Every structure is written in structure tokens, then in C-alpha cells.
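Residue numbers (our numbering), protein chains in the order written: chain R, 59 to 366; chain G, 523 to 1075; chain S, 495 to 792. Okay, so here's the structure we're looking at.
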């Protein structure tokens, strides 16, 4: 025991000697994380308290797991979990590959000008604020709206699309893909730009077709980027923001639309029930963290890449 | 002896007050006039029998610390001013009272959120204008107990002769603005006339009715006929539409009132609180609406209708009937639509009944004190007297005029004893819409710590169809059934809001499902059982206990 | 790059793919462009005609610049531009410095406490104290009601840090070791070797940070009390929600006989969106330069 400790000390001293300037460089970053992430994290203990601002974080009385129990007992608990997971799962299944495919397609475009125009235009929706996007969606989804015009053209009949719980997830996910496809592809395009062109030349000399080149050169080159992005996405599965949901849903679609964060917003934040909303947030965080560890472990097992 | 003294001082007060009003017109007479006005207030105080020390007081006050005042900046002010302090209204208020104020505003639409954050950090402004009655979690009594705001009983006694006088003359309102424990907590926003409480109702296309040779519908059956005619003969794709996403309109839904029901709590004939959404009337309402929906008489997009979409449908002929305010809805739509459809006209329709000719038992009316936009003095305020005097000003004679009409000679003139807005307000030289020019000069056109004057509304409504709305929309006995502003005790408040949040979410969801037919009305009983399982009885008990306490205030 | 590759025969399949590729991207472009076009066209339209219009909008209804005149008459807009620009310039600069420092550290090998620090960083992505504790912390640090409060607490976005670190890792160790042997400090290596080699990814970072700063509004609405300090997005939001809130916040309807200001909303969206759109093409060219990194890699 003692031996190990001294060896740790020895190694630490050696490391400090060697990397001192490196640690000095990272110091501001550490201070940042402690001041703006870890210090507020301490405040999350209000999830176990009945927080009254006047009494402060430390002065408020403890209530144990009451806030959590209240959430678990809520008649909406099961539905909220189900909706959150399904919505983010669909978002992942459709939203994750889309920008990769777009980046690959753009990469195959020979005309530089076309590529540049296509890039510029597909990233446009990212800049439109959520309020405007949802406002337009609501308009288009109305019985007299653009979407219905198209449905009628294809031989369907008119209906209020955003009042149908069965269509809600489709509309939500499709619009998210639309808004982020171009923007998210930037990171992959950048990775593609870093692929050595000599590798392609070598593959061509070997007689590899486009498909082979994609599989043997392109994909391995951008795989680390893809895997890292995927792990991050899976870790954030439960982090579905409330903003888009509360702009898009209505009581008729609560069945499929209501998710944890919108519930927290409605019941917690609007009613200033801080402890309750912090408790649900904490619950969410725990699940997130579990998912992250799971994803990272999988990635470590099946590929070389991992977050840590 | 005492009586005659009172009488003399009263006459003196009246005389000086009228002098003050007359004097305000010319700029040079300003200072003397305000002092005279202050004298009037002093006399009134003696008359009300307040402390001797107060009698020496007169506006404007000696200069002192700047006070901070947090309030929402209403959109009609925000259109032209970055801060309420920049408006002629605020400058006049500061000049008349001698109190300098620094205004703080949350971003438009973020009020509740910023209020929560201010509560969280404890760095309170001196005065806060908010809906303390309904929106402080746990209610006003808890706000006092939490050490956020101060009880105003002593403050009123010491520094606020004007509001005391008003409350003495209006015991109904006195009862409303107190907590069960008898604490005053705000300088209230009060609607000074019943007409001001009747601003939401049904309206429909008068030009279509004429063309179809139909009368304004008064019963549910007649409405059915009219809407059917709109659909079949005028090609309306959504004959009846309204802003379903705005809770204000769900609370004031006239078609629901026709079935003697309400979506929330109402006062029954037995004097007890009832929850409308589980009763037979609610089922009948849902049955009718589901039928109308099936027949295409109600907007198929109902659930997602916001103000923009309703405005579009009402002005482009997709819809022929709606509900809303006479000002911001009826007036706006008419003036927008006549530009493309010159014959376009809307007409107000009364709250409908089931039987022809019967006066509806239920209907929409707001209480004179809704709890909104009322000002509390916080525990951070160091100079309570200054704040109290500043706020009390609006409830006196001179303050009342200033808060409702602005400055005489500039924003209004007295014509035959009637304060008439000048062209600066009604035909603004800079081309400002009336609502904006009004909001720059006074607060009576929206809200705030004041008694709203009906003479404002009389001039604000310019079209005939607007002018008749208070009478048409007020034709019902709804006043008997409106729930009073009761407050649960601070112990019960959390339980109550937890139960009601759950019930309300469920009710809203099921209501739409019933109307859209995705849930059969045969399941109404299951729906009622589910709500009862969510502890409705407990919530009702709390509400009724609060009602008892209210009645014995 | 592919274009410069050796010429060779293109198979039929490749040609068919090429046709499909262009067609697909064109359709995608139309879908992405139309809503923006809609906003642009609506902003030049006559408010009344816009209100009664239904269906697709291809060109302005009764060309009018009134909406823009009104928008620029609003003194808050210019003020908002100034504030946002301040936050943007200082913010992006600090963000890049801090993120680079962190990423550089985390991309080095053979550093004993790298892993615990990495864990510390990643942990924050999935655990947070929540809104109220965060806010109270800002207040303790006297960062409320100050534009610095919108810059300093948001200097590092962990996701960006991870992306940058991954990119820094791909820089060959041999380069850095060689510099170390020459006696260069870590700061010097970062500034003169790592950063110049990472222009492409740093351009991406500028965009990521820049756009998120430009579009952020929540914390500004929470901590800024002085209206003179509002960034542009808050003013945009206020204008967008105005119609909806007026009926709820005021007693008797306050908006009135004024024409419904739909085109003003759209004009405001344009005014608040165009500047950030203009930045992109300038940064876009760095993506192609990114190939340079690959060449040096050998």
C-alpha cells in the first residue's frame, strides 16, 4: 500500500516535471469547468429539498426522495418515458445517418460550383429560429396548408396533420432532419476533406470502383468522426429539448408528443416548482449517463474508437 | 359639529380638485395647480379620518432616492419606447408625485420566467407589478410569509388616504383584494365599470347574415343553422374558428356556457364551488361540438389555432364566426378585411342559450379585480412611504384622471365635463395607432395599479359594432356563477396545484379527443371516473374551504 | 481531390449515380430554400394581402418596403446589433482560445492526469446542476446584468471541445516531438504548429460558436435586466411574440385598428438572419483548404 502510494507520488512528480507547462495551459479550462459546471452541480441537491429561495440552497428543508416519488407515481410517468425514448430514437435513426449520406453525396459532386451552392443552401434552415420553423410547420400542416395540397395531389384527402397523434413524430423528426441535415454534414465534409487523395489514386490504380473506394477508403477515414458523434448522440438521447415540443404540440397530440422536458416545463418551470423540476432533470441525467457509458463500452469493444 | 366640519372640508376638496383639473391645462399654472391638487388630497384625508400627521402631506414629495419598479412593458408601449420611464406618462407621474422611478422590464413574453429568477436570487426591486393573486406559487399570503412582499395594512393606514377612501366606498372590492388573514398585499388593478369586464364574446359576419337573410343567432340550434349556411352557401371551410391555443378564450367559451357548465370551477346555485368539466352539461357540450365538428362547422385545425391563423381565416372568408375582444380582434379584423372586402362587417352575438328567448344562466364576465397587474411593495424597499405615496396617487382624483386620460390640454380636454381625447391620441400626427398613442400617455388603456375608467373604453371603441358589444355580451346571469378570487392556505396550495395540474392536463387532452371523435362519448363516464381518481374531491374540499374563508372575510 | 484524379472511364452505373446525385441534391436544395424564400418574399409583401393569402407564396404580394422601414425605425434593433456584435466578436475569440487550450491538452499522449480531466469534462455533458443553480452561480460571480455574463460562462461547449480534440489528435506526433526537441514550449507548439494545421476545423468552430452565439437568447432573457443591453435575438423574439401576448397581458384588447403586422415579423427575421448567413461563404473556402492537412500527414 505504502509502496504504491509513494510510486504514485513519484510518478506524479515526474509527470509534473515533464508536463508542467502543459498543465499550466489547461488550467484556465479547468477553472472554467469548476466554476461554471461543478459549482452549480452542487446546487442540484435542491432535488432532495423543498427549495424556497429565501431560505437558500443550504437552508431549505430536506424532503428526501419525495420529489422523485411524485414523478414516479404520476399517471404520466410511463407515457413520458415512452414518448421521450421513442422520439429521440426516431430522431437518431433518421437524423444521424442523413448528414453523413449528404456529405458523401456532396463529396461525389464534380462541379465545384454546384457543390458550394448545394452546401450553402442546405445549411440555410439551421439559421431559421425555432419559432419561425414551427410557425411555418403549423401553417403548412393545416387542412388548407401546403402539405395537404401535396397529399391531395397524390390522391389523399385533407386532414389536420398536427392534430393527429400518429403523425406527430413523423412531422417532428422530419422537420428536425430538414433543419439540421446540412449543418450537421459540415463536420463530415471537413473530415472528408482531410482524406488523402493519394489513397483514392492508389485504390483506382488497384481497379476499385466508386463503391469499393467508399467502403475501403472513405468510410475508414471518417469512421472515427462518425463513431464519436454517435456516442455523443446516444449519450444525449434523453436530452430532448422542450422548446420545439411546446411550440408544436397541442392537447390532441399529448399522447405521442408530451416528453419529459415539456412536462417539466409545464408543471415545473411554469409553476416555479424548482425542486420538482430539478429532480426530474436529475433523473434524466442519470439515464443519460448510463446510456453514454453503455455506448462507449460498445464502441470500445467493436472498434478502436472511444471517448475515453 | 363634527359633521358640518366634514361637509365643509368635503366641499373644499371638491372645489380645489376641480380647480386643479382646470389649472392643469396651461403649463405656467402647473406647479400651483398640483399643489392645489395636493391640498385636496390632504383635505380628503382629514375627511377620511386618518392620522393627523398625514394631513400635512402634499404632492409633490421632496426629492429622495430613486425607487425601482419592475413591470411588464406592454407591447403597445414597447413598439415606441425601450422603457416605461421614457413615456410622457411616466414623466408626468414623476413630476406630479415628485418620486423618481427606475423601471425594469422583463422581455415581452418572458415575464413569468424572469419573475421566477428574481424570486430565486432575492435581489428584489422596490415595487413589483405582477399577478400576485394567481401566479405567486402558494398565493399572496405565502409571499408575505416568505418575506418577499410586505403586508400593506399599516402602509395603507399611514400613507394611502386615496385607496382607503376608495375601498371604504367599495366594500366588495375591499373583500377581494385581501387575503383570508386580512392582509392587503397589492395596489390593485380594478376595472371601474361592468362594461370593462365584458370585453370578450362571439362575433360573426353581418354582411353574410344579411345576404342569407338570417338573424343573429341566439340559441345553439340557430347557431347550427347559421354555421351550416355559412358552410354551404358561403363556402366557408371553417365556419366557426377561434384561438384555441389561448387559455383566456377557453375560459370564456360561450358555447360551453350555453350548457350551464364551465371547464373549471364555478359557483353553483348552492353557493358552493363545482368543477364543471365532469358534469352532465359538459357532456352535452362535447356531444354538440363533436357533432358540429363532424359536420364541418368547426375549424378542422382548431387545436393549433393561434391569433395569426384566426386573423387570416376571419379576414379571408374561410371562417364566418369567431370569438374574441372587441378591440384587438373585432376591430383589427374589420379594418384589415375591408381593404379587400369593402362590405365586410362583423356583429356581436349574445351568449347563446338552449331555449329561444331564455336569458342564459351562464356567461363570460370578469371580476373587477382579477389580480393582474397589481403592485406589491417588496421587503427590499427602504423607503416604504415614498413607494406607497407614489402608488396611492393613482387612486385619488387627480391621479385617476392622469392614469386614465393623461395630461389635460395635451392628451385630453374637458368637454361638458367629459374628458375627451385630443387628436394627439385619436389621430396621432406621427401616424401611431390609437392603442400606441394611448399607451404612451396613460395606463388606463391596458392595466396597472389604478381604477380603470369606462370613459376610456367609450372612446376607444369607434365602430358601431364595437360599441354595442358590452350590452350584447353582457346579457346573461354569469355574474352569479363566476368563481371568486379565493386563495388556498399556504399549506394546501402545493397539494391543490399538483392535483389540478394533473386534472387540467387530462381534461384538455380528453376534451379535444371527444370533439375530434377519436374518443367515443360513451367513454365519458370513464373519463369522469379517472378525474375523480385524481383526487378531484380533495381539490373541491380545498376550494370550498377557501370559499368559506372568503365569504367570512 | 477527386477532380484531379487520373482520368478513367466512367461506368454506366457511375453515370446513373451521378444523374441521381444531382437530381437528389437539387430537390433537397429546393426544400431547404423555399421556407427562406417564403420569409424573404413575405417580408416584401403588403401586410393586408399577406394576411388574407393562402397557399404557396412565390413572389411578393404588392411589393412594399414598409415593413423594413418600420423595422429600422425601431431604435432597439440597432442597439441589439451592437450588443450582439460585441458578444459575437469577443465571445468567438475567447471560445476559440479556451477550446484550443483544452483540446490541445487532451490530445497529448503520455500525460498522467489526462484521463481524469477528460472524464471531468465529459461528465458535464450529461450532468448539469440545472437552471436555477446555474443562475444563482452567475449572480454570485456578479455576472448578471452584464454582457460578460453571456460570454464567460459559455466559453467552452464540451461537444466542440471533443471534436477539436479528435482533430488535434490526428496531427502526427512526430511533428510535435520534433518541435519539443528543438526546445519549443507547448504554447509555441500550439500556436505555430497545431493551430495553423487545423485551419479547416477551426473555421468549423468559428461557425459553430458564432451561430450559437448569434441565435442564443435564453440566458440573455434571464440575466439582462437593462433593455439597453438586449442582444438582437431578444428583440426579434419580442417582435415575433407580440401579437400573441398582447391579448393575454392586457385587459381590454390593446392592439387595435392597426393592420396586422405580419410582414414586419418576416422583415425582422430577415434583418436578424442575413448577417450571420453572410459569414458562411467566407469560412466555407477553408473547408477545401482542409485537404492540406491530409497532405502534410504523410
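For every residue, glycine included, the Cβ atom is placed at its ideal position computed from N, Cα and C. Remember, predicted model here, so these are calculated numbers, not experimental data.
If you drop the 5 nearest sequence neighbours on each side, which residues of the same chain put their C-beta closer than 7 Å to that of residue i?
i                      : result
residue 753 of chain G : 761, 818 and 819
residue 583 of chain G : 619, 620, 621, 908 and 911
residue 508 of chain G : This structure cannot speak to residue 508 of chain G, because chain G is shown only from 523 to 1075.
Give the residues of chain R in contact with residue i, contact being defined as C-beta atoms less than 8 Å apart.
i                      : result
residue 602 of chain S : 77 and 80
residue 653 of chain S : 290
residue 631 of chain S : 93, 94, 97, 98 and 101
residue 826 of chain G : 196, 199, 200, 218, 220, 221 and 308
residue 660 of chain S : 282, 283 and 286
Name the chain S residues that come within less than 9 Å of residue i, Cβ to Cβ?
i                     : result
residue 69 of chain R : 606
Can you tell me whether residue i is buried or exposed? The criterion is at least 16 other CB atoms within 10 Å of its CB, across all chains shown.
i                      : result
residue 663 of chain G : buried
residue 852 of chain G : buried
residue 642 of chain G : buried
residue 71 of chain R  : exposed
residue 958 of chain G : buried
residue 566 of chain G : Low local confidence applies: a pLDDT of 42 at residue 566 of chain G is under 50, so the model's placement there is unreliable, and no value is given.
residue 999 of chain G : exposed
residue 945 of chain G : exposed
residue 538 of chain S : buried
residue 593 of chain S : buried
residue 211 of chain R : exposed
residue 338 of chain R : buried
residue 144 of chain R : exposed
residue 84 of chain R  : buried
Near residue i, which residues of its chain fall below 6 Å by C-beta distance, leaving aside the five closest residues on each side in sequence?
i                       : result
residue 843 of chain G  : 726 and 762
residue 570 of chain S  : 729
residue 884 of chain G  : 779, 782, 1000 and 1003
residue 1064 of chain G : 1010, 1014 and 1018
residue 800 of chain G  : 1050 and 1053
How many Å lie between residue i and residue j at the Cα?
i                       : j                      : result
residue 629 of chain S  : residue 728 of chain S : 18 Å
residue 1039 of chain G : residue 804 of chain G : 15 Å
residue 609 of chain S  : residue 903 of chain G : 52 Å
residue 597 of chain S  : residue 660 of chain S : 8 Å
residue 558 of chain S  : residue 761 of chain S : 11 Å
residue 78 of chain R   : residue 703 of chain S : 30 Å
residue 743 of chain G  : residue 876 of chain G : 8 Å
residue 110 of chain R  : residue 659 of chain G : 11 Å
residue 576 of chain S  : residue 533 of chain S : 24 Å
residue 960 of chain G  : residue 947 of chain G : 6 Å
residue 756 of chain G  : residue 715 of chain S : 46 Å
residue 315 of chain R  : residue 829 of chain G : 22 Å
residue 642 of chain S  : residue 646 of chain G : 22 Å
residue 566 of chain S  : residue 764 of chain S : 12 Å
Output, in chain order, the set of chain R residues within a Cβ distance shorter than 7 Å of residue i.
i                      : result
residue 615 of chain S : 91
residue 620 of chain S : 293, 343, 346, 347 and 350
Cutting at 8 Å between CB atoms, please list the residues of its own chain near residue i, excluding the five before and the five after it.
i                      : result
residue 744 of chain S : No answer about residue 744 of chain S holds up, because its pLDDT of 32 lies below 50 and its placement is not dependable.
residue 250 of chain R : 161, 162, 165, 276, 279 and 280
residue 270 of chain R : 261
residue 901 of chain G : 646, 669, 670, 671 and 672
Please list the partners that residue i has in chain G, where partner means a Cβ-to-Cβ separation under 7 Å.
i                      : result
residue 728 of chain S : 629
residue 218 of chain R : 822 and 823
In chain G, what lies closer than 8 Å to residue i by C-beta?
i                      : result
residue 722 of chain S : 604
List, in order along the chain, the chain S residues whose C-beta lies closer than 8 Å to that of residue i?
i                      : result
residue 167 of chain R : 515, 516 and 519
Residue i touches chain R at which residues, Cβ-Cβ below 9 Å?
i                      : result
residue 767 of chain G : 308
The region 616–643 of chain G: positions lying closer than 7 Å to chain R by Cβ: 634, 638, 641 and 642
Chain S contacts made by the region 137–169 of chain R, where a contact means CB separation under 9 Å: 160, 163, 164, 165, 166, 167, 168 and 169
Under 7 Å (Cβ pairs) to chain G, residues found in the region 100–126 of chain R: 110, 111 and 112
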